[in-house]
Every structure is written in C-alpha cells, then in structure tokens.
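Protein chains in written order, with the working numbering: chain V, 1 to 345; chain L, 1001 to 1345. Positions of the beta carbon are idealized from the N, C-alpha and C atoms, including for glycine. Notes to accompany the following structure.
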C-alpha cells in the first residue's frame, strides 16, 4: 500500500522520530512510502528514500530536497510544470511536541488529510501527564497517586520518599529523576523545570512490575499486541531510550497469567474507546500490590511498537482502512437568509 | 492597534461567527483590522472591510475577494508583484467546531502566529462538555450532576425528570432540549444525536439563577467583567441566540452581593489559571440551593462578551500584549552526532 510517513517536528524527541522513521522503512519494505520530514522550523521536505539515514538530517542535507506545503488533501510540491500533491494516508510519527500534543493532528484535520495517529483531544489527554490523571480518574482507570508542582508556586511535597519527578509534558524519560530523599529534590526539580513549568511527583513504587501493551481499533474491535515486560534498569535514560526507538526484533511475551492479561486489556480498552480511534497506542502499566496502575499512554510509541505485533504491515493496513472520518460542516446561511427576508432585503 | 479578525469556519456556528465579526468591527472602530474569513471548505479570504455584511457571505461574494494561505508568521496573499503577508495579532473569532475545538489554535501555533483565543488543551476541555466535567472534577469546581449517553450504546437514564439533553460538543443551544418526562426522551435524543454521537444528560434545575462572568489574564492578573444575570426564557433557542451574538450595548450588573461575586470569581480563576492564558472567556454559572455550579465555559464567547466590559478596546489591547509564547524547540542532533562519532563515521 501507499503511505506517507511524517516525522521530525520541533520537539525534544526530534531525533528519535528520525530513528523511528528509519526503523519503519525497514519494517514496511513492501509499502510505497513518501517520507515527509518536518524540520524544527516547521518547513516540510520530501526525503529521497535512499537518503533515509540519520546523518542526512544532522548534516542538513534535507534542505536541498524538495520543499512541500500543506494544502487541502495533502502535501504539495511546486514543480517546473505546476504542482504535485502527495495524498496517501499519513502516519504521524512525530514524537513529543507537535506530533503528540494535538498540533499535527489538528493540522491534518484542517487540511482534510487522512492519518494514523491520535486526534486532537486524544493528544491533549496523553501528552500532558496531569491530564492523563484527569482522564483516568474520570473513566475509572487506576493510576499512581500524584502531586502537581508549578515553577512559580513554592510548595512542599507531601508524598513520602523515594519519589519520581517528571516534567508534565515530555516523554522518553527526558528530565525525569528518581529522588531518594529531600536533599536531592531541588536538583531534580531544576532538571524537570528545564523542560516544563509543570512537574508531576509520584511515589517511586519499589518492586513494581512494568508491563507494556499496545493496540489499535480496526472494524470496531480493539486488536491487542502481546504484553511485554520491558527490561528494567532503574529507568531508561534518554540515550538508552533513543537506541530503544530503533527496535524492530520481536520480543517475548511476558510470563504472566491470562487473568492479568485480561485486566491490562480491560484497562487499555477503557482508555482507548471513544478517544483514541485512528491510532495505535502503547499503554505502560505498573502492577504493584496486586493492583494494575496505568503509568503512561504513548499515542505514538517509538517505532510504533512494531516489535509487539506478529505482522506489523498488516496492522498498518488494517488501521489505514479503519480511520475515523471527521465530518466537515457546510455553511447553509439559513439564518442569514431568513433574517434578510424578514427585513425585506 | 493592528488586528486580524479570523471568523467563519466549518461549524454549525459559522453564521454567528460572521455576526460576531460584524459586531466587533463596530466596537473596535479605532483599530486597523484585517478581516480574514475561513470558508466552510477551509479556504481563507481577505474581506474588504466595507463589505463586512452578512449578505456578502450568504451570497458568496467573498469568493471574488483575495484568497489567502497560511504561512510561517501569518496569512499570505499572492499578488502580481510577489506576495504580501498579513502578520498582526489574530483574534480567533470562529465559534464552535474549528475555532473552539483546538484546530485553529493548533494551526496558528504551528505557523507561529500570535493569537487571542484558547490554546489547544484549553479548547479540548471547553469544547466537549464531558471533558469540562473531567476538568472541573479534577480542579474542584462544582458542576451539575451528569450522565453520558452514546448513540451506539443503549442505556437508560437514571436521573429524575425533568432533564436537559445536550450534544457533547456544541454551543449556542443547538440540539439542546428540556425533557419533562420519559415520553419526550426519544425525540430529544434523536435531535441531539443529529449533532453529536455523545450526549450529556443533566437534571434541569428548577429555580436556578444564571450568572455570566467574563475575564482574561493580562500582566499575570485576571481582569474580570461585571457579572450579568442573562434574561431567561426557558432557554434561548438558536435564532434568539443568533441575534444575541450581535450584542454590543452595555448591560447592567446583576443585583447580587459582593460575596457571591467573589465566589464566582474564585471559580472562574480555578478554571482559567494555567489553561486559558491568551484568551478571554465567559463562564456561565448556576446558583442553586446556595451552591455555585459551573455550567459552561465559552472560550470564544459571542461578540467576545464585549458588552460586559467598560472599555472593550482596552481589553483587546491588554490581551494582545500579554499573549503566552510557545517556545519552539530546535533540533540539535546531539545524539545522532555522538552516535555517529562512536561508530567512527
């Protein structure tokens, strides 16, 4: 099938989006793919598939490739002869800001482009960890207890140490610290505030197990991936996570019973239904004291969590043919007509 | 000052956006305003100010005016000589879908345009009445009890009659019904489902008083309007509301004591802080059994609630000079560089 992979973005995860795109090029080798790069100045470039290497971007070689502009229905390239519009389904692969905060979703919606990825509301609820808590509290999905700190409000934390400090709106462990006691708090807060004005504090759950589950809806049904128990060091730092985004090898199923798998799936479904249609998401859970707790929703997981699915090409084909359709409302001028009439004009 | 008023949109409230824009033209007569119309096919047009009349749009005369395109920093007009970019601060005056659902906010953010209006997350929380409940529950603002119904899920309502039925994502009373007993329910639901797949049901609060309060943040402080007690018929139907959007006369302060004013302001501030910066919103409250309940957040109120402010031109000037700045993140290619180096390439 034909697919447009949109990657890059003005985001701290710009580089891992490049890695994700390169990985998917290999995983979807039977697809005809247009690679559209969003530079951090928000210019779009059509990337020669044979140049899909990290150095193309770090050396700025993409700037010599054709520039594209958004237009109704797709990306437009001006040519000597006129213009060409690239119209295939877009896979939004921009991690972090732009891609996961609702900006790109809105842009694609506005220009009437079909896409795989979270819609605007879904993005808002998953991008900001505080809003993820609001969502989960409202729909009855348990999460880790939390407190919110803001840069311009002096406030003590009331949770017992050790705690984990995270910028509210960043993924990939950027700016995240584990704080063992009060002496480490200020440094951890300073680190997190470098990335966001709002910080979330959670208890660090000693002995919690971590499980990842991905899925997507096609033909009205959620299709789940296998459950993975990610290898755990204290937590992945950015460099390790960066390498992690290039994963393409299948992983082994976590060694857990069917009952737990079911519980994870039920929680996933509560989060997904009515909000994440059109996207493939990965939910990261903790199991602690026999409770299932949602840790994070990744609405555009690294390399689309391809390694959790048996046949990833089929996953993308199914998703692409089950995309939600945003009805566009036409103006009828009914009221203006009736009022003009009443006025005798 | 210079200002761009963006109005229209692919929305059931397209026509009332036109009315709002015409009203603001009169209210801001000392401003130099570029009027940018977003047609329901998402084309942009630069409207001749002398043609800012409802019939210009209902007769399609705008299609003969210059077309504009979004570009970094503003709206671009192609001219015989090259191009001209309109760069002044945008006032997002598109009511309903597009304007209030986060689409236009994201578009303006992506293209680096400064604007007055709700940002993407603020839009999501105010546009969908269910998400407004999530927000209020999380931040401790009381609202009316509610149930959610979905088109494809058969479910009885458990609230006692009379109830009020509203499409989750529409303003201006479109699709809203008061249901006095079970015999009227199906018809009311059918009406609401014409506009949205999700419907919200609330008890109809007999004898509740309604109060509207608008405000905005400038220089770090929220500036409040007077409190209005809107004239109440059972509720405004769309045609009455339509006329209501052209209001420009000052209204009288509601006859309430300072303590209640303070309570309304405290609730307004809880909603606004950290979410609605950059916008002028109107919160509509009920007071029932001595409780203050938030009914609705209007992030782009009809004619910007100009009639609630003493000096509306000053309001817009203050807001325009206190807009939040979205930092754009530059790609550094730090990790790609270090990895390429490690590989010796």
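- Looking at the backbone, the Cα of residue 1075 of chain L and that of residue 1082 of chain L are separated by about 14 Å.
- For residue 1032 of chain L, the enclosing beta strand (DSSP E) starts and ends at 1032–1038.
- Less than 8 Å divides the Cβ of residue 1015 of chain L from the Cβ of residue 333 of chain V.
- Annotation note: the region 1058–1113 of chain L contains the following uninterrupted alpha helix (DSSP H) runs of length 4 or greater, listed N- to C-terminal: 1103–1110.
- Taken through DSSP and simplified to helix, strand or coil, residue 1175 of chain L comes out as coil.
- Note on residue 1085 of chain L: under 16 other CB atoms within 10 angstroms of its CB, so exposed under the neighbour-count rule.
- One thing to note: residue 1150 of chain L has its Cβ within 8 Å of the Cβ of residue 1197 of chain L.
- Residue nearest to residue 1287 of chain L within the set L/1209, L/1061, L/1183 and L/1304 is L/1209 (criterion: CA-CA distance).
- With a beta-carbon spacing of about 6 Å, residue 1222 of chain L and residue 1269 of chain L fall inside the 8 Å limit used to define contacts.
- Judged by beta-carbon spacing, residue 1261 of chain L lies beyond the 8 Å limit of residue 1297 of chain L, meaning their Cβ atoms are not closer than that value.
- Residue 1136 of chain L is bridged by DSSP to nothing; it lacks a bridge partner.
- Contact annotation, residue 1248 of chain L with residue 1023 of chain L: C-beta distance approximately 5 Å; criterion of less than 8 Å satisfied.
- Looking at V/263, V/71 and V/73, the one whose alpha-carbon comes closest to that of residue 211 of chain V is V/263.
- For the pair residue 131 of chain V and residue 1138 of chain L, the Cα-to-Cα distance works out to about 9 Å.
- Counted as a single uninterrupted DSSP element, the beta strand (DSSP E) harbouring residue 1218 of chain L occupies residues 1209–1218.
- Between the alpha carbons of residue 305 of chain V and residue 115 of chain V lies a gap of roughly 17 Å.
- Beta-bridge annotation (DSSP): residue 1164 of chain L is paired with L/1178 and L/1202.
- For residue 1312 of chain L, the uninterrupted alpha helix (DSSP H) run begins and ends at 1312–1320, by DSSP.
- For residue 293 of chain V, there are no C-beta contacts with chain L under 9 Å, since the nearest C-beta of that chain is about 18 Å from it.
- Interface criterion met: the Cβ of residue 335 of chain V is under 8 Å from a Cβ in chain L.
- Between residue 1336 of chain L and residue 54 of chain V, the C-beta gap is smaller than 8 Å, which places the two residues in contact.
- Any Cβ of chain V closer than 8 Å to the Cβ of residue 1103 of chain L would place that residue at the interface, and such an atom is present.
- Distance from the CA atom of residue 339 of chain V to the CA atom of residue 328 of chain V, rounded to whole angstroms, is 25 Å.
- The C-beta of residue 14 of chain V comes closer than 8 Å to at least one C-beta of chain L.
- Scanning its chain for C-beta atoms nearer than 6 Å, with the 5 sequence neighbours on each side dropped, one finds around residue 277 of chain V the residues 217 and 324, in chain order.
- Within a 10 Å sphere around the beta-carbon of residue 1266 of chain L sit fewer than 16 other beta-carbons, which makes this residue exposed.
- Residues of the same chain with a CB within less than 7 Å of the CB of residue 1319 of chain L, apart from the 5 flanking positions on each side, are 1116, 1216, 1218 and 1280 in chain order.
- Note that the C-beta distance between residue 10 of chain V and residue 98 of chain V is below 8 Å.
- Residue 1036 of chain L is outside the set of residues whose beta carbon lies under 8 Å from a beta carbon in chain V.
- The beta carbon of residue 1213 of chain L is closer than 6 Å to those of 1227, 1264, 1268 and 1283 in its chain, skipping five residues each way along the sequence.
- Within the same chain, 175 and 177 come within 7 Å of residue 191 of chain V by CB-CB distance, once the 5 residues on both sides are set aside.
- Within the region 170–190 of chain V, no residue has a Cβ lying closer than 9 Å to any Cβ of chain L.
- Judged by DSSP in its simplified three-state form, residue 1050 of chain L adopts helix.
- At least one C-beta of chain V is nearer than 8 Å to the C-beta of residue 1131 of chain L.
- Distance from the Cα of residue 1326 of chain L is smallest, within the candidate group L/1061, L/1027, L/1107 and L/1066, for L/1107.
- In this chain, the beta strand (DSSP E) harbouring residue 1225 of chain L covers 1221–1228.
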